[in-house]
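Quick notes on the structure that follows.
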Amino acid sequence: MDKTDQAILNLLQHDASLSVGDIAEQISISKSACWRRIQNLEQTGVIRERVALLDQTKVDLPLTVYVQLRTNQHNDAWADQFRRV
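Going by my numbering, the first residue of the sequence shown is number -18, and it counts up by one from there.
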């Protein structure tokens, strides 16, 4: 990963809705080069997904909860079952 990839990631971390053209313009590369780099970052798993951060109070969810679990089952089957619940 070079400085151009890092610049792309920095921009996307601050605003994942930026277009390829906007990103390319801000870091002074062509749109096609920018698109290829973003595709590579996605395909290699550096960029896993793009999400929207919501204002909790505007969607009537004013509480954030952190949960800690302890288990003696340390396997994929248990984790899969927990996710389904």
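Just so you know, even glycine gets a beta-carbon here, dropped at the ideal spot from N, CA and C.
Note that this is a predicted model, so its numbers are computed, not measured.
- The C-alpha of Thr52 is placed about 48 Å away from the C-alpha of Gln7.
- Residue range 12 to 24 is occupied by the alpha helix (DSSP H) that includes Lys12.
- Ser(-2) and Thr45 have their C-alpha atoms spaced approximately 25 Å apart.
- With 16 or more neighbouring CB atoms inside 10 Å of its own CB, Arg18 falls in the buried class.
- Taking C-alpha positions only, Trp16 is separated from Ser0 by approximately 10 Å.
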